[in-house]
Amino acid sequence: MGLLNNQKFRAIFFQLLTVVGLVAFLWYITTNMFHNIEQRGITTGFDFFEQVAGFGISESPIEYNDSTSTYFDAFKVGLVNTLIVSGIGIFFASIIGLIVGVSRLSKNYLIARLSLFYIEFFRNIPILLQILFWYNVVLAALPSPRQSLKLSENIFLNNRGFYIPKPLLESGFVYVIVSFFIAVAAIFFLARWAKKRFEETGEEFPLLLTSIGLLIALPLITFLASGSPITLDNPSLRGFNFGGGMSYSPEFLALTFALSIYTATYIAEAVRSGIEAVARGQKEAAASLGLSNYQALKLVVLPQAIRISIPPIINQYLNLTKNSSLATAIGYPELVTVFSGTVLNQTGQAIEIIFITMLVYLTISLFISLILNIINKKLEIKGR
Amino acid sequence: MATYELKQPRPAPSNLKGPIRWIIKNLLSTPFDAALTLLGVAFLLWVVPPFVQWAIIDANFVGSTKADCTGNGACWVFIKEKLNIFIYGFYPESEYWRINLSFLLFFLFGGLFKYVGNNFVQKIAIFSLYPIIAYFLITGGSFGLDSVTTDKWGGLSLTLIVASVGIVAAFPIGVVLAFGRQSKLPIIKNVSVVYIEFIRGVPLISILFMASVILPLFFPEGMDFDKLLRALIGITLFQSAYIAEVIRGGLQAIPKGQYEAADSLGLSYWQKMILVILPQALKVAIPNLVGASISLFKDTTLVLIIGLFDLLAMVHLTGSDASWLGFETEGYVFVTIVFWFFCFSLSKYGKYLEVKYNTDNR
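Chains as they are written, first to last, in the numbering used here: chain X, 15 to 398; chain D, 21 to 382.
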């Protein structure tokens, strides 16, 4: 009995117990698994990656051929589509979330109420329901290609998708890209010069406005000077559907709409709580130092607010990426639809396929938390 | 010598009163503000009147068949006719009372739970008695009740069953995992960390796929899991990792002195954690626990992807009913209202709990 009360012994004993229990459990399920696999005649291993997939994928940004591409190509298409949908979703969710989060604190009663309503409404509705709603109700109610909604000269919306002109780059476009990089470099040196001048004379330079102006003006001038080296490939009605241009399928639209609108509510809340968390005294101190409203916001409030907001916002990016897997409910060909759906049904190798899917998501989330850690380190209050 | 100009005195405060003052102050204080207000009003005019027109003015409320849907607006007859299916799924109509009764019992037991006050043993007895009674009542097959297999369960009742089982069953596992993650024993700590991070890193849908496809392979033949049970296992495993993180947040907020005080009183590890640390940690964690529960409630809709018929799936299904084609919109609006109502009430209940257990004497 005395031994059980010895702390060191107890520590080792209980950990040993955990290990033994865990190993026994794992051994139990793996033996069962191998037995079951044998009984049911399921093939194992990763050879299936080399086999020809032989099914079509409706949207593939990378090369994919129905009759020659392998299962590994299908996997790659799914992965790329997941990344595209997540990236675009994150972009729009951030913009909507930032706007709504700031308007939530607006002094304008109507705007503040509308933002609150937006947040409370979309946050409390399951994301899957929102995806299905956009897909089955809103987008399905759009007219057929022949009666497309004409949003502008060459932009069309119908129940087959969203069509915009496709820019075709000509050789002269290189100069535009070069001038863009020149603008970036100019801003870099301008910023250093402005900072130096500020430290020496205390005069401020309107850096933000100048930078935006440079970034837009320089490429634009080169673009016009080199004779507009872009031709547009306009979408046009051919037979029963549109051809040419760039098209986005209803599945893609429904998914990005729903993901951005839903995630934006969480981002808005993170933005709001970040700004609210900055102590009142900080704003008052800034004002008493004679900083203007804009200076106070830029130099005092935002740096502190960002430190609080960034971790939850990045978590929401991760959630959005994971939620993009719900595309399988409407058939957008991302990782889960293509790989855990079609490929699994064709090969029957559930164990390998589901674990690879999980591994992909796990890698993405580890990658995102790595970024988060780096940012946190950077934003950390530097103690002296 | 620098000279400074005298600043002009501020204008006297406006002597406007009442709603006009309020409007000027809150809606039109600057030109930019006025523009924003205009934008907001335009948006409201764009959204609200058409919706009211569709949902109320042009809508049909009476009737019993599709022929009664004559207006241009919504046809709520569809919801009225399908309400039983939306709530009970394919549960036999003559047995609806069993679900109703277990729902009623839930509130009865809830009241009883409050009534017994601080008697711990009675509380636990009540808490564990309810699921047993509800299980026998809904499953049947004994006490003279007809057996109703789980493939007949569906609709809102299934949504509630999945959500409540997930929330309740994940809680103890989450607590143990949170303790494990805070533990000083390296092996126990690492096992907990790996589990939590793994589950949190993958989407729920892949866990549900795993539960429905791979789980049966893990156990000997003949040990048959029913589809619902597999989904419940998946959801519980998923939720427990999130609950663990929420509780860990609470544990981290407890000052070290509390641990030391408990140690110095000679409490054992479990006494210390259960009697001293956990109650305080849970109090801190209430808002996030409620948040996690709301998330799970919304996530239960995912079971439709693995072929269970929860509320959303039932609406999805009846939308393609041949005699009621074209009423998906009404169905989705109905589900939206139901989910919104549950989630919003849950979050309000969370706020209430937060205030109730706020022992901060400030």
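Glycine included, every Cβ here is placed at the ideal spot set by N, Cα and C.
Values in this document were obtained by computation on a predicted structure and should not be read as measured data.
Neighbouring residues, chain X, relative to residue i (Cβ below 7 Å)
i, result
"D/T349", "V151"
"D/L363", "Note that residue 363 of chain D corresponds to Cys in the displayed sequence, not to Leu. Within chain X, the residues near D/C363 are N138."
Neighbour-count burial assignment, residue i, 16 or more Cβ in a 10 Å radius
i, result
"D/S177", "buried"
"D/S148", "exposed"
"D/M243", "exposed"
"X/K164", "exposed"
"X/K336", "buried"
"D/R382", "Here D/R382 scores only 47 on pLDDT, less than 50, and its place in the model should not be relied on; the value that follows carries that caveat. Exposed, since its Cβ has fewer than 16 Cβ neighbours within 10 Å."
"X/M260", "exposed"
"X/I368", "buried"
"X/P264", "buried"
"X/F48", "exposed"
"D/E350", "buried"
"X/N122", "buried"
"D/K276", "exposed"
"D/T85", "exposed"
"D/Q259", "buried"
Cβ pair residue i, residue j closer than 8 Å
i, j, result
"X/I141", "X/A25", "no"
"D/L235", "D/I326", "no"
"X/P249", "X/F170", "yes"
"D/I267", "D/A231", "no"
"X/A107", "X/I281", "yes"
"D/E348", "X/N150", "yes"
"X/I137", "X/R286", "At residue 137 of chain X the sequence reads Arg, which differs from the Ile that was named. The answer is no: Cβ separation not under 8 Å."
"D/W344", "D/F98", "yes"
"X/L393", "X/R321", "yes"
"X/Y331", "X/I102", "no"
"X/T236", "X/V190", "yes"
"D/G174", "D/I263", "no"
"X/Y346", "X/F256", "no"
"X/I344", "X/L146", "yes"
"X/V99", "X/I71", "no"
"X/Y276", "X/Q144", "yes"
"D/V211", "X/L40", "no"
"D/L331", "D/T179", "yes"
"X/L124", "D/T57", "yes"
"X/V374", "X/Y85", "no"
"X/N390", "X/P325", "yes"
"D/V335", "D/F364", "no"
Any non-hydrogen atom of the ligand PLP within 7 Å of residue i CB
i, result
"X/K297", "This structure lacks the ligand PLP, and indeed carries no ligand of any kind."
Chain X residues whose Cβ lies nearer than 9 Å to that of residue i
i, result
"D/T57", "N122, Y123, L124 and I125"
"D/E374", "None at all; the shortest Cβ gap to chain X is about 15 Å."
"D/S49", "K121 and N122"
"D/E241", "N46, H49, N50 and Q53"
Under 9 Å from the C-beta of residue i: neighbouring residues of chain D
i, result
"X/G193", "In the sequence as presented, Gly is not what sits at residue 193 of chain X; that position holds Ser. The premise fails here: X/S193 is roughly 34 Å from chain D at the closest Cβ pair, so nothing lies under 9 Å."
"X/S379", "E217, R220, G221 and V222"
"X/V33", "I207 and V211"
Interface residues of chain X facing residue i [CB-CB closer than 8 Å]
i, result
"D/S226", "S339, V350, S354, I368, T371, M372 and Y375"
"D/S260", "Within 8 Å Cβ-Cβ: nothing; D/S260 doesn't reach chain X, min ~16 Å."
"D/V355", "L143"
"D/G60", "N122, L124, I125 and L128"
Contacts of residue i in chain D (Cβ-Cβ under 8 Å)
i, result
"X/F28", "L205 and I208"
"X/I365", "I234 and L237"
"X/I51", "L237"
Residues that residue i contacts on chain D, provided the C-beta gap is smaller than 7 Å
i, result
"X/V357", "Residues of chain D passing the Cβ test: none, with the nearest at roughly 12 Å."
"X/V114", "Near X/V114 there are no residues of chain D at all, since even the closest Cβ is about 13 Å away, more than 7 Å."
_Whether or not the stretch 288-299 of chain X and the stretch 194-212 of chain X are in contact is what I'm after, with contact meaning three or more pairs of Cβ atoms, one per stretch, closer than 8 Å; do they touch?_
no
*Could you tell me which uninterrupted alpha helix (DSSP H) segments, each at least 4 residues in length, are contained entirely in the stretch 362-398 of chain X, listed from first to last along the chain?*
364-393
_alpha helix (DSSP H) segments (min. 4 residues) lying fully within the stretch 288-363 of chain X_ = 294-302, 316-337 and 358-361
_For the pair the stretch 90-105 of chain D and the stretch 148-167 of chain D, tell me if three or more CB-CB distances fall below 8 Å._
no
*Just checking, does the stretch 63-80 of chain X make contact with the stretch 232-247 of chain X on the three C-beta pairs under 8 Å criterion?*
no
*At what residue ranges does the stretch 302-382 of chain D contain a whole run of the alpha helix (DSSP H), taking only runs of 4 or more?*
331-338 and 348-376
*Residue ranges of each beta strand (DSSP E) run of no fewer than 3 residues wholly in the stretch 195-248 of chain X, ordered along the chain?*
244-247, all fully within the stretch 195-248 of chain X.
*Any 3 or more C-beta pairs closer than 8 Å across the stretch 359-366 of chain D and the stretch 312-319 of chain D*: These segments touch.
*asked:* So within the stretch 84-140 of chain X, which uninterrupted alpha helix (DSSP H) runs reach at least 4 residues, ignoring any that extend past its ends?
replied: For the stretch 84-140 of chain X, whole alpha helix (DSSP H) runs of length 4 or above, ordered along the chain, are 85-118 and 123-137.
_Stretch-stretch touch, CB-based, cutoff 8 Å, three pairs: the stretch 218-227 of chain D with the stretch 245-263 of chain D_ = With the rule of 3 Cβ pairs closer than 8 Å, the stretch 218-227 of chain D counts as touching the stretch 245-263 of chain D.
*Using 8 Å as the Cβ pair cut-off and three pairs as the minimum, do the stretch 123-134 of chain D and the stretch 188-202 of chain D touch?*
no
*Complete runs of the alpha helix (DSSP H) confined to the stretch 29-72 of chain D [at least 4 residues]*: Listed in chain order, they are 38-47 and 51-72.
*Touching or not, the stretch 267-281 of chain D and the stretch 295-310 of chain D, by the rule of three or more beta carbon pairs under 8 Å?*
yes
*Could you give the uninterrupted runs of the alpha helix (DSSP H) lying entirely in the stretch 98-176 of chain D, keeping only those of 4 residues or more?*
116-135 and 140-159
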